[in-house]
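Protein sequence lines correspond, in order, to chains A and B. For the first sequence, our numbering begins at 86 and goes up steadily by one. For the second sequence, our numbering begins at 2 and goes up steadily by one.
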Amino acid sequence: MKTIENEKNHIIPYKTFLFVLAGLIVLTLTSVTLTRISLGTMTVTIALIIAAIKSTFVLRIFMHLKFENKMFSIAFIGVILLLTTVITITLLDYLNR
Amino acid sequence: MSTILVKHRDDLASKTGMWFFLFTELLLFGGLFIVYSVYRYRNAVAFHLAAQELSVFIGTINTIILLISSTTIAMSITAIRKQNKKFAILLLGLTIILGLAFLVNKYFEWGEHFKEHIYPGSSILALRGHGDVLFYGLYFFMTGLHALHIIIGLIFILVITISILRNKINSDNYVLLENSGLYWHLVDLIWIFLFPLFYLIT
Numbered sequence: 086m087k088t089i090e091n092e093k094n095h096i097i098p099y100k101t102f103l104f105v106l107a108g109l110i111v112l113t114l115t116s117v118t119l120t121r122i123s124l125g126t127m128t129v130t131i132a133l134i135i136a137a138i139k140s141t142f143v144l145r146i147f148m149h150l151k152f153e154n155k156m157f158s159i160a161f162i163g164v165i166l167l168l169t170t171v172i173t174i175t176l177l178d179y180l181n182r
Numbered sequence: 002m003s004t005i006l007v008k009h010r011d012d013l014a015s016k017t018g019m020w021f022f023l024f025t026e027l028l029l030f031g032g033l034f035i036v037y038s039v040y041r042y043r044n045a046v047a048f049h050l051a052a053q054e055l056s057v058f059i060g061t062i063n064t065i066i067l068l069i070s071s072t073t074i075a076m077s078i079t080a081i082r083k084q085n086k087k088f089a090i091l092l093l094g095l096t097i098i099l100g101l102a103f104l105v106n107k108y109f110e111w112g113e114h115f116k117e118h119i120y121p122g123s124s125i126l127a128l129r130g131h132g133d134v135l136f137y138g139l140y141f142f143m144t145g146l147h148a149l150h151i152i153i154g155l156i157f158i159l160v161i162t163i164s165i166l167r168n169k170i171n172s173d174n175y176v177l178l179e180n181s182g183l184y185w186h187l188v189d190l191i192w193i194f195l196f197p198l199f200y201l202i203t
């Protein structure tokens, strides 16, 4: 019990969560406004980039990955790489038919 | 410390198990996102027009509701670690209320679609063409599967709240609270991608 405690000693203050929440809401509203001013083909890219930034905040702060054993982050990145590889290969197939 | 009172516990293993489960959830939704990308690529115009019929307002409100609920459950971990049991329960109660509010919005949103005869298998929707059927099929399936996760998450959080009331979860043993938080954040994470892909990209 005590051995694991060492790496979990970090208690995130309430304030941090509220700051992150404010940031996430601002990003959501930015995403809504930006996609409403139609930016053509860029719209998809911008919306997904903002979604990725939001996810990073949720993962690192809310889901504690920033303070956790690095193993969790590496495994998570591995799963995301697997997904992006499969998406890329599938789309390459459909784009070149 | 008496040896009889020490119960074996491995918090790191518990959390690792939870993360592995979350990975399978990511692959489940990831597969659906692949289907979405291919169908969207093949039916670009229909997807573009159909997406405009979704209410960006309700979508935005629901996004903010989920973000706040993620914050409250994350804060409850801080509260329990600071031995502030009452505040932790208050925050979890708030999380549950916000989750229910999300579902109520979803009910009204889907209700509007049903009134316009837009639902999987509807003959009126079928008349609008293949692209619309695919868009709404994916929309109902993906947001529906997400809503199912919200319901499961709410039950999970309710069980955790009761455990805190019974002092089974406390400042020394809170890994289950962390795991329920991880599940809830994952549901939030999926919504972060569902929202732009269905509501915003028009």
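Glycine included, each C-beta is placed from N, C-alpha and C at the ideal position.
Check, Outcome
"Quick one: which residues of the region 153-174 of chain B get their C-beta closer than 7 Å to a C-beta of chain A? List them in chain order.", "none"
"By Cβ distance below 6 Å, which residues in the same chain neighbour A:ILE97 in space, the five residues on each side in sequence not counted?", "none"
"Quick one: any contact between the region 147-167 of chain B and the region 174-181 of chain A, if contact means 3 or more CB pairs under 8 Å?", "no"
"Leaving aside the five residues before and after A:ILE146 along the sequence, list all residues of the same chain whose C-beta is less than 8 Å from its C-beta, in chain order.", "ILE97, THR101, PHE102 and VAL105"
"Within this structure, are the beta carbons of A:PHE161 and A:LEU150 separated by less than 8 Å?", "yes"
"Cα separation between A:ALA137 and B:ILE153?", "25 Å"
"I'd like to know whether the C-beta atoms of B:HIS9 and B:THR203 end up nearer to each other than 8 Å.", "no"
"Just to confirm my understanding: we take B:TYR200, look at its own chain, exclude 5 residues before and 5 after, and list those with CB closer than 6 Å. What are they?", "LEU55, VAL57 and GLY60"
"Please state whether DSSP places A:ASN181 in a helix, a strand or coil.", "coil"
"So is B:ASP189 in contact with chain A if we call contact Cβ pairs under 8 Å?", "yes"
"Taking B:LEU198 as the reference, give the member of B:VAL46, B:TRP185, B:LEU23 and B:ARG41 with the closest Cα.", "B:ARG41"
"Could you say if the region 92-111 of chain B and the region 16-32 of chain B meet the contact criterion of at least three C-beta pairs nearer than 8 Å?", "no"
"State the DSSP-derived secondary structure class of B:ASN180, mapped to helix, strand or coil.", "helix"
"Note down, in chain order, each residue of its chain lying with its Cβ closer than 6 Å to the Cβ of B:TYR120, except the 5 sequence neighbours on either side.", "none"
"For B:ASN106, name the three-state secondary structure that DSSP assigns.", "helix"
"CB-CB under 7 Å to B:TRP192, same chain, minus the five flanking residues each way: which ones, in chain order?", "THR64, LEU67 and HIS147"
"Quick one: any contact between the region 75-91 of chain B and the region 164-183 of chain B, if contact means 3 or more CB pairs under 8 Å?", "yes"
"If you run the structure through DSSP and keep just helix, strand and coil, what is B:ASN63?", "helix"
"Tell me where the alpha helix (DSSP H) around B:ARG167 begins and ends.", "Note, B:ARG167: premise wrong, no alpha helix (DSSP H); not H, not E."
"For the region 136-147 of chain B against the region 24-36 of chain B, do three or more pairs of beta-carbon atoms, one drawn from each stretch, fall closer than 8 Å, so that the two count as touching?", "yes"
"Exposed or buried, which one is A:ARG156 when buried takes at least 16 other CB atoms within 10 Å?", "Per the sequence shown, residue 156 of chain A should be read as Met rather than Arg. Counting Cβ neighbours within 10 Å, A:MET156 comes out exposed, since fewer than 16 surround it."
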